[in-house]
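2 protein chains.
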Amino acid sequence: MASQGEDGRLFLEDLSVGRRFAAGPVRVSPEEVLAYAARFDPQPFHTDPATAGHPVLGGHSASGWHTASLTMRMVTEALPLAWGVVGGGGEIAWPRPVRPGDTLRVEAEVLETGRSRSRPDRGWARLRVTTLNQRDEPVQVLVTRLIVPSRVPDSGTSC
Amino acid sequence: MASQGEDGRLFLEDLSVGRRFAAGPVRVSPEEVLAYAARFDPQPFHTDPATAGHPVLGGHSASGWHTASLTMRMVTEALPLAWGVVGGGGEIAWPRPVRPGDTLRVEAEVLETGRSRSRPDRGWARLRVTTLNQRDEPVQVLVTRLIVPSRVPDSGTSC
Chain A
1 MASQGEDGRL FLEDLSVGRR FAAGPVRVSP EEVLAYAARF DPQPFHTDPA
51 TAGHPVLGGH SASGWHTASL TMRMVTEALP LAWGVVGGGG EIAWPRPVRP
101 GDTLRVEAEV LETGRSRSRP DRGWARLRVT TLNQRDEPVQ VLVTRLIVPS
151 RVPDSGTSC
Chain B
1001 MASQGEDGRL FLEDLSVGRR FAAGPVRVSP EEVLAYAARF DPQPFHTDPA
1051 TAGHPVLGGH SASGWHTASL TMRMVTEALP LAWGVVGGGG EIAWPRPVRP
1101 GDTLRVEAEV LETGRSRSRP DRGWARLRVT TLNQRDEPVQ VLVTRLIVPS
1151 RVPDSGTSC
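Chains A and B supply the protein sequences, listed in that same order. Heads up: the first sequence begins at 1 in the working numbering, then just goes up one per residue. Heads up: the second sequence begins at 1001 in the working numbering, then just goes up one per residue.
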């Protein structure tokens, strides 16, 4: 079977375009929403459960960066890349708020892959990582480029 | 003075293109690097201080999402937007690792602003938020679009 290494670790050659991964679910603990917000995003619509009527968020919501953090946790559990889940960044969007008590899950898909031009031992994979709530509504869409090792070092023909 | 509201809160009209904000510094506590990683990004190069020789990260480093979280904390302290710092997302890049014990600060600049086409009470501002380490090297560059209230509701001429 060519889709995965013998030890379950994934290499560039395993990440065919269109391959999908699922992760989660996790519940967004109301206590953790408050703790995360107190430390990293201390704005009333994240720290105060009684918040109401915010013109953008409506009521009490989790920080978008908390959603990103929970998403990363789920991705690390679902994507056993040989060098780990290591990326240089990406594009992130939060189309709707996450509420305390929501349940989130992740759907990821490989959009594109390529080899490094300078390093024969590696390449990259662009993935769309969508975080959905319990109503299957996207709460975060991340398109990220991960650095992935190659099982077969490049001979140089694609440099 | 037109650059800020009487109570210090900022509106769309205060965010002229080129306006800059500085925030921080904060020290990246080695204990928090481990605690954040254990909860949200439990990969050995974040959870194990003895990590060495990772092909991308080199040694022990903070999760990029931890850097993003610390950046958000600094931004909330430096940018008193009238509705708070609320964004729909953006582009994020981590050009180099953050090491436990680093000291980070933020430089932000307004790149572009505009009015909402559908909501006369608000507009948006695109900001570049650069997080730098103690050697003034960028460790994160975030270009984000924030939703900002208008002091003077739009009359409709730009709809």
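By construction, the Cβ of each residue, glycine as well, lies at the ideal position given by its N, Cα and C atoms. Note that the structure is a prediction, hence the values are computed from the model and not measured.
- Non-local C-beta neighbours of Arg1151 of chain B in its own chain, meaning closer than 6 Å and more than five positions away in sequence, comprise Phe1011 and Glu1013, ordered along the chain.
- Inclusion of Thr51 of chain A and Gly59 of chain A in the CB contact set at 8 Å is warranted, their separation being smaller than that value.
- DSSP places Leu15 of chain A in the coil class of the three-state scheme, outside both helix and strand.
- Straight through space, the alpha carbons of Pro1097 of chain B and Trp94 of chain A are spaced by roughly 25 Å.
- Taking Val1139 of chain B as the centre and dropping the five residues before and after it, the same chain places the C-beta of Thr1067, Trp1094, Pro1095, Arg1096, Pro1097, Val1098, Asp1102, Leu1104, Thr1131, Leu1132 and Asn1133 closer than 8 Å to its C-beta, in chain order.
- Annotation: the continuous alpha helix (DSSP H) that includes Leu34 of chain A extends over Pro30 to Phe40.
- Using beta-carbon distances, Val56 of chain A counts as an interface residue toward chain B, with a partner under 8 Å.
- For Glu112 of chain A, no Cβ of chain B is located within less than 8 Å of the residue's own Cβ.
- At a cut-off of 8 Å between C-beta atoms, Pro42 of chain A counts as an interface residue with respect to chain B.
- Within the segment 80-112 of chain A, the residues whose Cβ lies closer than 9 Å to some Cβ of chain B are Trp83, Gly84, Val85, Val86, Gly87, Gly88, Gly89, Gly90, Glu91, Ile92, Ala93, Trp94 and Pro95, listed in chain order.
- Closer than 8 Å to the CB of Ser69 of chain A there is at least one CB belonging to chain B.
- Taken in chain order, the complete alpha helix (DSSP H) segments of 4 or more residues contained in the segment 1042-1116 of chain B are 1044-1047 and 1064-1078.
- Per the Cβ contact rule, the segment 1111-1127 of chain B is in contact with the segment 1140-1150 of chain B (3 or more Cβ pairs under 8 Å).
- Look at Phe1045 of chain B: its C-beta is under 8 Å from a C-beta on chain A.
- Taken through DSSP and simplified to helix, strand or coil, Gly8 of chain A comes out as coil.
- A distance of 8 Å or more separates the beta carbons of Phe1045 of chain B and Ser1029 of chain B.
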